[in-house]
Ligand SMILES: Nc1ncnc2c1ncn2[C@@H]1O[C@H](COP(=O)(O)OP(=O)(O)OP(=O)(O)O)[C@@H](O)[C@H]1O
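Residue numbers (UniProt numbering): 1 to 475.
Shown next as structure tokens:
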């Protein structure tokens, strides 16, 4: 009997293996143990209730087909759900019986439970104490379609986002890849999709996550030996929004894991929405197989809004916050803050803050003073690229040399100086700086900053050089 059940389950596995991705097979089928066969009922043992629910949700059709091929039309499957080690003390497997022949029956099956304890699902987004897996989508209610102003600059991205929101996973826009410079509305638009899906299809599991957070969770899961939980969790999402995917650059293990999640979701008809600060073709430090997948759906860019759109964005915000701002002031802001919607909003906020603090009305004159100061400040902002260029010019080096693997002292030092100034003079994160200068990690950047600070304190000539470079950067 035991041999029989192993043989039959082995036959089923051969078919299953050919029909699903290897990672899914390893995750969901390798841990299953065939227990017994009784006429046309096969009993299998699974390690958790969550595991059983997932099999039922994702693979019941495949299981039914393969089992019926082996045991005939009346084939049935029974599960023994055996708790994991944490629950071994009172190990009394509970059995859930259901037939595989009729899918509708599966949803309303009679369940007999002899052990009510549930295994933990270790995931930071799961709200504890809720029976069904319930995921906090991490959405900001302000980032709705209603609050997003349409313009020539974002028309394609917005209409594609709307189409995806109405039909997640069912349009050709999968993944939807939204890209553009900082502060142009990528996060807002990506979140709008999540908000709309949740509004119209509350049963869908939506999750917004920043690429850095994803990376941290992944690293934690490796440390805690809970990679399977991590993978399983992400493979259950219906609409997955990953913000700032450029942060994955150079992180091979994270990319590898994301690749599997991407494949699983895509193959299961789930929706992926990715945002990035550049187009897929310009993305460096990313594996080719991942890049090619980014291009599968639709890439839509967000451009700098034109004057009219900038005025509409300001007016929308003014109206929403119940403020009164003279039209000429709105026009002045819109004419002078042009590159970034976040800065546009920031200018309005600082104007209002100053007016409130000084108990003054917002006049054109006060607005002009404040905005002029702000615009001057932003025009001085430097990029990692321009800093790297200035440092290379100063030492007479080619820019490319910073990206090379050479350990020559002068190159290493030039790289460290570029990192030091990028940290001090831009808002970029350590990992972004590292990725851009020599494909290094954040720890290397931190080390570089310390090394340069030490040298400034101990070496007078070096300090002089740093002062000269700084003067060039700020001129
Ligand atoms: N078309 C728009 N209509 C209304 N508000 C907008 C629009 N575009 C951007 N914003 C607002 O500008 C701010 C910045 O937008 P968002 O955070 O989405 O930019 P981003 O492109 O994701 O930037 P980053 O790459 O720096 O994360 C947000 O407050 C957002 O609501």
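Yeah, the Cβ is synthetic: ideal placement off N, Cα and C, and Gly gets one too. All of these numbers come straight from a predicted model, not from anything done at the bench.
Tell me which residue opens and which closes the beta strand (DSSP E) that residue 458 is part of.
Per DSSP, residue 458 lies in no beta strand (DSSP E); the unbroken alpha helix (DSSP H) holding it starts and ends at 442-458.
Under the three-state reduction of DSSP, which class applies to residue 469: helix, strand or coil?
helix
Residue 359, DSSP secondary structure in three states
coil
So if I measure from each beta-carbon to every heavy atom of ligand 1 and keep distances below 5 Å, which residues remain?
Chain-ordered, the residues whose CB falls short of 5 Å from any heavy atom of ligand 1 come out as 148, 149, 182, 183, 184, 185, 186, 187, 188, 313, 341 and 342.
Figure out for me which residue from 315, 335 and 336 has the closest Cα to the Cα of residue 326.
Among 315, 335 and 336, the Cα nearest to that of residue 326 belongs to 315.
Cutoff 7 Å; reference residue 150; Cβ partners in own chain excluding five residues on either side
158
Check the DSSP bridge columns for residue 299 and list the partner residues they point to.
177
Return the chain-ordered list of same chain residues with a C-beta closer than 8 Å to the C-beta of residue 184, the five sequence neighbours on each side being excluded.
Taken in chain order, the residues that qualify are 153, 154, 302, 303, 304, 305, 340 and 341.
Helix, strand or coil for residue 325 per DSSP?
coil
Three-pair Cβ contact test at 8 Å for the region 164-173 versus the region 274-294
Cβ pair count under 8 Å is below three, so no.
One question on the structure: do residue 247 and residue 444 come within less than 9 Å of each other, judged by their Cβ atoms?
no
Can you tell me whether DSSP reads residue 280 as helix, strand or coil?
helix
Closer than 7 Å by C-beta to residue 43: which residues in its own chain qualify, once you throw out the five before and the five after it? Chain order, please.
35, 36, 78 and 80
List in chain order: all unbroken alpha helix (DSSP H) runs of 4+ residues lying wholly within the UniProt domain "AAA+ ATPase" (172-302).
186-200, 211-223, 227-234, 252-267 and 288-294
Which same chain residues end up closer than 7 Å to residue 424 when comparing Cβ atoms and leaving out the 5 residues on each side of it in sequence?
none
Can you tell me whether residue 309 is helix, strand or coil according to DSSP?
helix
Whole-angstrom distance between residue 322 and residue 261, CA atom to CA atom:
44 Å
Simplified DSSP state of residue 19, which is helix, strand or coil
For residue 19, the three-state secondary structure derived from DSSP is helix.
How is residue 426 classed by DSSP in three states: helix, strand or coil?
coil
Delimiting residues of the beta strand (DSSP E) encompassing residue 42
41-46
Spatial neighbours of residue 451 in its chain, beta-carbon cut-off 6 Å, leaving aside the 5 residues before and after:
416
Select from 53, 145 and 52 the residue whose C-alpha is nearest the C-alpha of residue 313.
145
Would you call residue 143 buried or exposed, if buried means 16 or more other Cβ atoms sit within 10 Å of its Cβ?
Per the 10 Å Cβ criterion, buried.
Out of curiosity, what's the CA-to-CA distance linking residue 274 and residue 461?
47 Å
Alpha carbon to alpha carbon, what distance is there between residue 426 and residue 366?
28 Å
Measuring CA to CA, which of 249, 329 and 25 is closest to residue 211?
249
Range covered by the beta strand (DSSP E) that runs through residue 384:
From DSSP, residue 384 is part of no beta strand (DSSP E) but of the alpha helix (DSSP H) over 384-395.
Reduced DSSP category for residue 78 - H, G, I as helix; E, B as strand; rest coil
strand
How close, in whole Å, do the beta carbons of residue 75 and residue 40 come, if the pair is a contact with beta carbons under 8 Å?
5 Å
Select from 437, 394, 404 and 463 the residue whose C-alpha is nearest the C-alpha of residue 473.
394
Note down, in chain order, each residue of its chain lying with its Cβ closer than 8 Å to the Cβ of residue 7, except the 5 sequence neighbours on either side.
none
Since residue 197 and residue 206 are thought to touch, with beta carbons under 8 Å apart, how far apart are those beta carbons, to the nearest angstrom?
5 Å
Could you check what DSSP says for residue 368 in three-state terms: helix, strand or coil?
helix
The beta strand (DSSP E) that contains residue 36, what's its start and end?
Start and end: 33-38.
Once the 5 residues before and after residue 436 are set aside, which same chain residues still bring their CB inside 6 Å of it?
384
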